[in-house]
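Residues in the sequence shown are numbered consecutively from 11, following the numbering used here.
All residues carry an ideal CB built from backbone N, CA and C; glycine is no exception.
Notes follow the structure.
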Amino acid sequence: MALTISSMLPLQTDAPGFTLPDVVTGKQFTMPETGESAGTIIAFICNHCPSVKNIISAFVDLAKNVRGRGVRVIAISSNDVSRYAEDGPDEMKLYAEKHGFTFPYLYDETQDVARAYQAECTPDFYLFDGMNKLVYRGRFDESTPGNGKPVTGADLSAAVNALIDGIGVSGQQLPSTGCSIKWKR
Numbered sequence: 011m012a013l014t015i016s017s018m019l020p021l022q023t024d025a026p027g028f029t030l031p032d033v034v035t036g037k038q039f040t041m042p043e044t045g046e047s048a049g050t051i052i053a054f055i056c057n058h059c060p061s062v063k064n065i066i067s068a069f070v071d072l073a074k075n076v077r078g079r080g081v082r083v084i085a086i087s088s089n090d091v092s093r094y095a096e097d098g099p100d101e102m103k104l105y106a107e108k109h110g111f112t113f114p115y116l117y118d119e120t121q122d123v124a125r126a127y128q129a130e131c132t133p134d135f136y137l138f139d140g141m142n143k144l145v146y147r148g149r150f151d152e153s154t155p156g157n158g159k160p161v162t163g164a165d166l167s168a169a170v171n172a173l174i175d176g177i178g179v180s181g182q183q184l185p186s187t188g189c190s191i192k193w194k195r
């Protein structure tokens, strides 16, 4: 697996709006208006990536924890399913159920949302404040498949805690690394 590094969308960028289908509920999900939560985590993930598999349990736990603190979590898969069928909507639903997702898992068939967010890899994390301004983009933590580091979610958790505590999220942020998004040809 060749690692791809996230592009690091500029801080304070407004969250690009979108409407995508949630593969679990079958309903359309629209990026919410401002002021509806303390913040929103948007995670670009997929089913087959070893880097996602490495952190998925801890990410699901983090999502449960932050939801109770007023932060929304949204996961999006944007991979080309003609080349990676295991990332298709039916398989996404099974993956979400298997891992106990308590958040929407959205399918970005056109890949327009991934492009709007300048997502490059899976996993790729974005944290927006209550006004939908980007305050964090980057890695979950320092763990990658095979590097022996524990999966803690420390980087994303620290950003969420700073946002909720009103102390300002540190601008010292490290990019995510993982599998490239599988772009349509």
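CB-CB length for residue i against residue j, believed under 8 Å
| i | j | result |
| --- | --- | --- |
| Thr187 | Ile15 | 5 Å |
| Ile51 | Leu144 | Ile51 to Leu144, Cβ: 11 Å. No contact. |
| Val33 | Lys103 | 5 Å |
Backbone CA spacing between residue i and residue j [nearest angstrom]
| i | j | result |
| --- | --- | --- |
| Asp175 | Gln182 | 18 Å |
| Ala48 | Arg79 | 8 Å |
| Ala53 | Gly156 | 22 Å |
| Met41 | Ala124 | 14 Å |
| Phe39 | Ser153 | 31 Å |
| Asn75 | Glu101 | 25 Å |
| Glu64 | Asp118 | Reading the sequence as shown, one finds Asn at residue 64 and not Glu. Going from the Cα of Asn64 to the Cα of Asp118 covers about 22 Å. |
| Glu46 | Ile177 | 20 Å |
Option nearest residue i by Cα separation, candidates the options
| i | options | result |
| --- | --- | --- |
| Pro31 | Ser88, Ala172, Ile51 and Ile66 | Ser88 |
| Leu173 | Gly140, Pro160, Gly158 and Trp193 | Gly140 |
| Asp134 | Ile191, Pro26 and Arg195 | Ile191 |
| Tyr95 | Asn57, Thr120, Val123 and Gln128 | Checking the displayed sequence, the identity of residue 95 turns out to be Ala instead of Tyr. Answer by Cα proximity: Asn57. |
| Asn142 | Leu19, Asp24, Pro20 and Leu13 | Asp24 |
| Gln121 | Leu104, Gly98, Gly110 and Lys108 | Gly98 |
6 Å Cβ shell around residue i - same chain, five flanking residues per side excluded
| i | result |
| --- | --- |
| Ala68 | Val161 and Gly163 |
| Ala169 | Leu137, Tyr146 and Val179 |
Residue-level contact to chain B via CB, residue i, 8 Å cutoff
| i | result |
| --- | --- |
| Val70 | Chain labels in this structure do not include chain B; a single protein chain is all it has. |
Close beta carbons around residue i, own chain, < 7 Å, minus the five adjacent residues each side
| i | result |
| --- | --- |
| Gln22 | Lys143 and Leu144 |
| Gly27 | Met41 |
Worksheet item: Using 8 Å as the threshold, is the segment 110-117 in touch with the segment 83-101, meaning 3 or more CB pairs across them?
Response: As far as the Cβ criterion goes, the segment 110-117 touches the segment 83-101, which means the pair count is three or higher.
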